[in-house]
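J.: Chains A and B are the protein sequences, given in the same order.
To convert, note that position 26 of the first sequence is 1105 in the numbering used here; the numbers rise steadily by one, no gaps.
To convert, note that position 107 of the second sequence is 467 in the numbering used here; the numbers rise steadily by one, no gaps.
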Amino acid sequence: MSDRQRLAGMAFCALGVAALLGSAAAIPFVYESQSILYKFGADKVFLRSGKVVGLCSAVLLLLQLVLASRLSLLVTIFSQPTLTRWHRFNGMFVACLVMLHPLAVVAAEHFTLLRLEVKYWPEFVGIGLFLSLQVTVWAAVLQPVRHWSYPRWRLAHRLGAPLLILLLGVHLLFVSESFVRGVPRTAALCAMGAWAGLYLWVRGRALVVGNR
Amino acid sequence: MKKHLWLAVLVLALVLPAGGSAAAAAHEYRFDTIHSNFYFDAQHVFSTVRGFFKSYDGAVRFDPADLAGSSMEFKIQVDSVETFNGKRDTHLRSPDFFDASTYPVITFKSTRITAAGENRYNVAGTLTIKDVSRDVVLPFIYHGEKEHPASKNELVAGFDAQLRIDRLGYHVGNGKFATMGLVGKDVTIVVSLEMMRDK
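See below:
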């Protein structure tokens, strides 16, 4: 691939990621949930910001598989070490960014905390997702530092990824009225489906080729 | 003479009811919490949204023959509010409405119960919501008392009451939703109680 083609590929990928993030960030503005309608002033800003941060984190989390999938076209454009580096950085970035999501959402309710009731189960799934994400990311950071077994860590990391995406899908589709129907729900389901398809393809390829 | 005087005092002491036993004539009830409710109805644009409080406590003493010795006191846990929508319930518990963390309890304490017709009574008392206490009159219907159909050792009594209040008078909301026509300022409180006591 020529440098020009490589640059064009990089630009296309960057535009694609920007489009995905922009589309996700637009959902709380274009497809307002009922909860936003009852907020005013700073509360509305907090809630919208929390939703934007959450959705952008979701997109970046889904892209983690793309960065780790060793797709030949991406490897040609960016090189594998670069993709691996971005995978690590993106993981840490999402883990930090997503902390703002519950903070902003709860701030919109003047820090009125949830009660331990079944009706808040989508929010509790979100808490489970948040904790699982933190464990996944920081275990990856600590693995070389603490000299944990690399094969074991990698197995847990690769098995944990679908769990994260499953929790993400459930949380996203049930926590907000924006995703009850229409374009946001269809887009979310398509994204989950595409992720699942890519995951199966990557795992299948690994089994067939016998790669690491 | 002195002996007769002491005898008269003794007889009077035995015959005349003491202050404590006059109050004891009014039956003391306990809540059947499974069949009692404190509801509230609020207007939303066109529809009525009904909610209730799941957790409450109180003391009810009532006897139609001894209204002076009767009393009602309710303590409602604000954070037990339930409207079957998690986000709405969280909003209700927030400072925008009930501010449950600062004002965890709604209380009503009766000062006087008077008769108002057949099986109808008025309970005058103080209703406290958030930082506001107001004197209100809660009219209720007393459905009577009978042996509990499922528990022969217990008596059950029924009370139904309804009261309309201006929530803004109790600082429940700042008026913005009412001005917008989203949430009405008048709220109807419906109290439906089944109270039990041992035979």
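Quick reminder that beta carbons are idealized off the backbone N, C-alpha and C, glycines included.
In this text, all values refer to a predicted model and were calculated from it rather than measured experimentally.
Nearest CA to the CA of Gly1272/A: which residue from Leu1245/A, Phe1253/A and His1250/A?
T.: Counted from its first residue, the first sequence places residue 1272/A at position 193. Among Leu1245/A, Phe1253/A and His1250/A, the Cα nearest to that of Gly1272/A is on Leu1245/A.
J.: Going by beta carbon distance, what residues of the same chain come within less than 8 Å of Glu442/B, once the five residues before and after it are set aside?
T.: Here residue 442/B is taken as the residue at index 82 of the second sequence, counted from 1. Excluding sequence neighbours, Glu442/B sits near Gly411, Phe412, Phe413, Lys414 and Asp449.
J.: Assess contact between the segment 1201-1216 of chain A and the segment 1176-1187 of chain A, defined as three or more Cβ pairs (one per stretch) separated by less than 8 Å. Is contact present?
T.: yes
J.: Excluding the 5 residues flanking Ala382/B on each side, which residues of the same chain have their C-beta closer than 8 Å to its C-beta?
T.: Taking the first residue of the second sequence as position 1, residue 382/B is located at position 22. Confidence in Ala382/B is poor, its pLDDT being 44 and thus under 50, which makes the residue's placement too unreliable to answer from.
J.: Check the C-beta distance from Tyr1278/A over to Leu1144/A and give it rounded, since I have them as a contact under 8 Å.
T.: Taking the first sequence and counting its residues from 1, one reaches residue 1278/A at position 199. Taking the first sequence and counting its residues from 1, one reaches residue 1144/A at position 65. Their Cβ separation, rounded to whole angstroms, is 6 Å, which keeps Tyr1278/A and Leu1144/A in contact under 8 Å.
J.: For Gly504/B, count the other beta carbons within 10 Å of its own beta carbon; 16 or more makes it buried, fewer makes it exposed. Which is it?
T.: The count along the second sequence starts at 1 and reaches residue 504/B at position 144. The residue in question, Gly504/B, is exposed, as its Cβ has fewer than 16 Cβ neighbours within 10 Å.
J.: Where does Trp1274/A land, buried or exposed, given buried means 16+ other C-beta within 10 angstroms?
T.: The residue given as residue 1274/A occupies position 195 in the first sequence. That one is buried.
J.: Using a C-beta to C-beta distance shorter than 8 Å, which residues of chain E count as neighbours of His1189/A?
T.: The structure shown has no chain E; the protein chains it does contain are A and B.
J.: Taking C-alpha atoms, which residue in Phe398/B, Ala402/B and Phe434/B lies nearest to Tyr389/B?
T.: The count along the second sequence starts at 1 and reaches residue 389/B at position 29. Nearest option by C-alpha distance: Phe434/B.
J.: Would you give the residue range spanned by the alpha helix (DSSP H) that Met1271/A belongs to?
T.: The residue labelled residue 1271/A in the question sits at position 192 within the first sequence. First-last of the alpha helix (DSSP H) with Met1271/A: Gly1261 to Val1288.
J.: Indicate whether at least one CB of chain B lies closer than 8 Å to the CB of Arg1035/A.
T.: No answer is possible for residue 1035/A: it lies beyond the span of chain A, which begins at 1080 and ends at 1291.
J.: Starting from Val483/B and walking both ways along the beta strand (DSSP E), at which residues does that stretch end?
T.: Numbered from 1 along the second sequence, position 123 holds the residue referred to as residue 483/B. DSSP places Val483/B inside the beta strand (DSSP E), whose first and last residues are Arg480 to Ile489.
J.: Would the beta-carbon of Phe1125/A fall within 8 Å of that of Ala1186/A?
T.: Residue numbering aside, residue 1125/A sits at position 46 when the first sequence is read from its first letter. Residue numbering aside, residue 1186/A sits at position 107 when the first sequence is read from its first letter. In this structure, Ala1186/A lies closer than 8 Å to Phe1125/A by Cβ.
J.: Can you check whether the CB of Val497/B is closer than 8 Å to the CB of Val483/B?
T.: Translated into the one-based positions of the second sequence, residue 483/B becomes position 123. Translated into the one-based positions of the second sequence, residue 497/B becomes position 137. In this structure, Val497/B lies closer than 8 Å to Val483/B by Cβ.
J.: Kindly indicate if chain A contains any beta-carbon less than 8 Å away from that of Gly446/B.
T.: Within the second sequence, the letter at position 86 stands for residue 446/B. For Gly446/B, the answer is yes, since a Cβ of chain A falls inside 8 Å of its Cβ.
J.: Hey, how far is the Cα of Gly1088/A from the Cα of Leu1268/A?
T.: By 1-based counting over the first sequence, the position of residue 1088/A is 9. By 1-based counting over the first sequence, the position of residue 1268/A is 189. Cα to Cα, Gly1088/A sits roughly 27 Å from Leu1268/A.
J.: Select from Ser1211/A, Ser1257/A and Arg1284/A the residue whose C-alpha is nearest the C-alpha of Ile1115/A.
T.: Stepping through the first sequence from its first residue, residue 1115/A is reached at position 36. Among Ser1211/A, Ser1257/A and Arg1284/A, the Cα nearest to that of Ile1115/A belongs to Ser1257/A.
J.: Figure out for me which residue from Val532/B, Ser407/B, Tyr416/B and His531/B has the closest Cα to the Cα of Asp392/B.
T.: Locating residue 392/B in the second sequence gives position 32, where the first residue counts as 1. When each option's Cα is compared against that of Asp392/B, the closest is Tyr416/B.
J.: By the criterion of Cβ-Cβ separation under 7 Å, what are the contact partners of Phe1119/A in chain B?
T.: What you label residue 1119/A is simply residue 40 of the first sequence in a count that begins at 1. Per Cβ cutoff of 7 Å: Lys536.
J.: Output, in chain order, the set of chain A residues within a Cβ distance shorter than 8 Å of Thr439/B.
T.: The residue you call residue 439/B lines up with position 79 of the second sequence. As written in the sequence, residue 439/B is Asp, which differs from the Thr given in the question. Neighbours of Asp439/B in chain A, taken as residues at a C-beta separation under 8 Å, are given in chain order as Arg1194.
J.: So, Val1173/A versus Gly1129/A, is the Cβ gap smaller than 8 Å?
T.: Working through the first sequence from its first residue, we reach residue 1173/A at position 94. Working through the first sequence from its first residue, we reach residue 1129/A at position 50. Their beta carbons are not under 8 Å apart, which means Val1173/A does not touch Gly1129/A by this criterion.
J.: Hey, is Leu1277/A close to the ligand GDP, as in C-beta under 7 Å from one of its heavy atoms?
T.: The ligand content of the structure shown is nil, which means the ligand GDP is not present either.
J.: Indicate the three-state DSSP secondary structure (helix, strand or coil) for Ser511/B in the structure shown.
T.: Translated into the one-based positions of the second sequence, residue 511/B becomes position 151. The answer is strand: DSSP assigns Ser511/B an E or B state.
J.: Can you tell me which residues form a DSSP beta bridge with Glu554/B?
T.: On the second sequence, position 194 is the one that residue 554/B refers to. According to DSSP, which records beta bridges pairwise, Glu554/B is partnered with Gly518/B.
J.: Can you give the Cα-Cα distance for His395/B and Thr488/B, rounded to whole angstroms?
T.: Locating residue 395/B in the second sequence gives position 35, where the first residue counts as 1. Locating residue 488/B in the second sequence gives position 128, where the first residue counts as 1. Pairing His395/B with Thr488/B, the inter-Cα distance amounts to about 24 Å.
J.: Cβ of His451/B less than 8 Å from any chain A Cβ?
T.: Here residue 451/B is taken as the residue at index 91 of the second sequence, counted from 1. True, the Cβ-Cβ gap to chain A drops below 8 Å.
J.: Rounded to the nearest angstrom, how far is the Cβ of Val547/B from that of Asp401/B, given a contact under 8 Å?
T.: Locating residue 547/B in the second sequence gives position 187, counting from the first residue. Locating residue 401/B in the second sequence gives position 41, counting from the first residue. Contact holds; Cβ gap of about 7 Å.
J.: Quick check: is the beta carbon of Tyr1110/A nearer than 8 Å to any beta carbon in chain B?
T.: Within the first sequence, residue 1110/A is the residue found at index 31, counting from 1. Not one chain B Cβ lies under 8 Å of Tyr1110/A.
J.: Does any C-beta atom of chain B lie closer than 8 Å to the C-beta of Ser1114/A?
T.: For the purposes of this step, residue 1114/A is taken as the residue at position 35 of the first sequence. Cβ-Cβ to chain B under 8 Å: yes for Ser1114/A.
J.: Given Leu1140/A, which residues of its chain have a CB within under 6 Å of its CB, disregarding the five upstream and five downstream residues?
T.: Sequence index remark: in the first sequence, residue 1140/A carries index 61 (1-based). The residues are Val1173.
J.: With contact counted as at least three CB pairs below 8 Å, one residue from each stretch, are the segment 1164-1173 of chain A and the segment 1104-1119 of chain A in contact?
T.: Fewer than three Cβ pairs drawn from the segment 1164-1173 of chain A and the segment 1104-1119 of chain A lie within less than 8 Å of each other, which leaves the two stretches out of contact.
J.: Got a sec: is the Cβ-Cβ distance from Lys1198/A to anything in chain B below 8 Å?
T.: Looking up residue 1198/A in the first sequence gives position 119. By this cut-off, Lys1198/A is an interface position.
J.: If you draw a straight line from the alpha carbon of Gly544/B to that of Val438/B, how long is it in whole angstroms?
T.: Locating residue 544/B in the second sequence gives position 184, counting from the first residue. Locating residue 438/B in the second sequence gives position 78, counting from the first residue. Roughly 20 Å between the two C-alpha positions.
J.: Which partner residues of Gly411/B appear in the DSSP bridge assignment?
T.: Here residue 411/B is taken as the residue at index 51 of the second sequence, counted from 1. DSSP, once it has assigned bridges, lists Phe400/B as partnering Gly411/B.
J.: Just tell me which of Glu554/B, Val409/B and Arg472/B has its CA closest to the CA of Glu514/B.
T.: Along the second sequence, one-based indexing puts residue 514/B at 154. Ranked by how close their Cα comes to the Cα of Glu514/B, the residues Glu554/B, Val409/B and Arg472/B have Glu554/B in first place.
J.: Taking the continuous beta strand (DSSP E) assigned at Arg1167/A, which residues delimit it?
T.: Indexing the first sequence from 1 puts residue 1167/A at position 88. Judged by DSSP secondary structure, Arg1167/A falls outside any beta strand (DSSP E) and instead within the alpha helix (DSSP H) spanning Gln1159 to Leu1176.
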